[in-house]
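Report on one structure; see the data block that follows.
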Amino acid sequence: MCVPLVLGATSDIVSTTYSGSLSSSSPIFVRPDKSSGRYYYQAIRVTVPTSGTYIFTSTSSKDTFGCFYSDPVDPFYPSQNLITTDDDGAGNNQFRISAALQSTRTYVLIVTTYDVNIIGSFVITVSGPAAVVLSAFIPSTSRPITTTRSPALGTTITGRLSSSNPIFRRPRGDSGYYYYYQAIQVTVSTSGLYSFISTDAMDSFGCLYSDSVDPSYPSQNLITTDDDGAGRGQFRINATLQYARTYVLIVTTYHPSTMGVYMITVNGPSSVILSTFIPSTSRPITSTRK
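Using our numbering, count along the sequence shown one by one with no gaps and you end on 294.
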């Protein structure tokens, strides 16, 4: 018998994690505590279903710096709508931001670095009275900052498939089994040919959709799938994407009930915006997981 684990019975704290990376294709700004310098950053929109105090903690091999805003944020005016910043509050050169958030408002977390021109991956853990919704985006600005930058080599996103991920019956999968998956919304600033390549220790499987995806109907809006196109059990999906359209990449596995860490690299004529989300479905899967 499958007995659901109710965390609220033993703890009032719920944790949400977000994985990302800063690269040479990330946008830049001048930090609010500085008058010069160029700092790569990632903007993450934050909404909460329950008002209360939430704590944002970074984990990275880099010396991170966090800026927390009430929405909207304009990177050219980094002190406007600023609530707080932190550098080393979590120790080990990691930031820790504690803030009282309202369920009716939208906030923005800017993940950047203490030193200029630093790139690398990071994980943000948010703890509070409820799970939060985190979505990456590129803020609009009244005066864009321009500088000489090296050509973009690709955009990356990292994450993990675990027993807490949603499940579905993937295309070309065994209909009698379920597969953990992560949905990633994809938007591009330039139309053209893009490649999605997985790198992980699992035998991964990729599905690319147009516009939207309903996990109960995994063949609907499906553009293409791939299993081993990148070799060594990794997928490679090549697709022509259009500016002003939205796509969804489903990261899953070849074998059912498989868990582990993954990294997706997207190469193309420009950087892309990648944000994880949980798709709505007309027929939720409630079966005991195998």
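All C-beta atoms in this analysis are idealised placements derived from N, C-alpha and C, irrespective of residue type, glycine included.
Model, not experiment: these values are computed from the prediction.
Those residues which DSSP pairs with D230 across a bridge:
D230 pairs with G210.
Please go through the same chain and pick out, in chain order, the residues whose beta-carbon is closer than 8 Å to the beta-carbon of T14, but skip the five residues on each side of it.
For T14, the predicted structure reports a pLDDT of 41, less than 50, and the residue's modelled location is therefore unreliable. The matter cannot be settled from this model.
Note down, one range per segment and in chain order, each beta strand (DSSP E) of at least 3 residues found wholly within the segment 67-112.
Within the segment 67-112, the complete beta strand (DSSP E) runs of at least 3 residues fall at 68-74, 86-90, 100-105.
Where DSSP assigns a beta bridge to S199, which residues make up the other side?
Its beta-bridge partners are N242, N271.
Can you give me the start and stop residues for the beta strand (DSSP E) that S62 sits inside?
Per DSSP, S62 belongs to the beta strand (DSSP E) from 56-63.
Looking only at its own chain, which residues have a Cβ that is under 8 Å from the Cβ of D119, when we skip the five neighbours before and after it?
In its chain, beyond the 5 residues on either side, D67 have a beta carbon closer than 8 Å to the beta carbon of D119.
In whole angstroms, what separates the C-alpha of M267 from that of G132?
Cα to Cα, the separation comes out at about 27 Å.
Please work out which residues of its chain come closer than 7 Å, Cβ to Cβ, to I277, disregarding the five sequence neighbours upstream and downstream, and give them in chain order.
Result list for I277: A140, F141, I142, T191, in chain order.
In terms of alpha-carbon separation, which member of G93, S64, L253 lies closest to G124?
Ranked by Cα distance from G124, the options G93, S64, L253 are led by S64.
Can you tell me whether DSSP reads Q46 as helix, strand or coil?
When DSSP states are grouped into helix, strand and coil, Q46 belongs to the strand group.
Can you tell me which of the three DSSP states S30 falls into?
Coil at S30, not helix or strand.
Could you pull the DSSP bridge partners for S139 from this structure?
Paired residue(s): R49.
According to DSSP, simplified to helix, strand and coil, what is A187?
Shown here, A187 sits in a strand according to DSSP, grouped into three states.
N-terminal and C-terminal residue of the beta strand (DSSP E) that T160 is part of:
Per DSSP, T160 belongs to the beta strand (DSSP E) from 159-165.
Could you spell out where the beta strand (DSSP E) holding Y251 opens and where it closes?
Run containing Y251: 251-257, per the beta strand (DSSP E) assignment.
Specify whether the segment 74-83 and the segment 31-42 touch according to this definition: at least 3 beta carbon pairs, one from each stretch, less than 8 Å apart.
Output reads yes: the segment 31-42 touches the segment 74-83.
Closer than 6 Å by C-beta to N97: which residues in its own chain qualify, once you throw out the five before and the five after it? Chain order, please.
In chain order, D67 place their CB closer than 6 Å to the CB of N97, counting only its own chain and leaving out the 5 sequence neighbours on each side.
Go ahead and pull the three-state DSSP assignment for D215.
Of the three classes helix, strand and coil, the one that applies to D215 here is coil, per DSSP.
Between the alpha carbons of R176 and I254, how many angstroms are there, rounded?
Taking the straight line from one Cα to the other gives about 13 Å.
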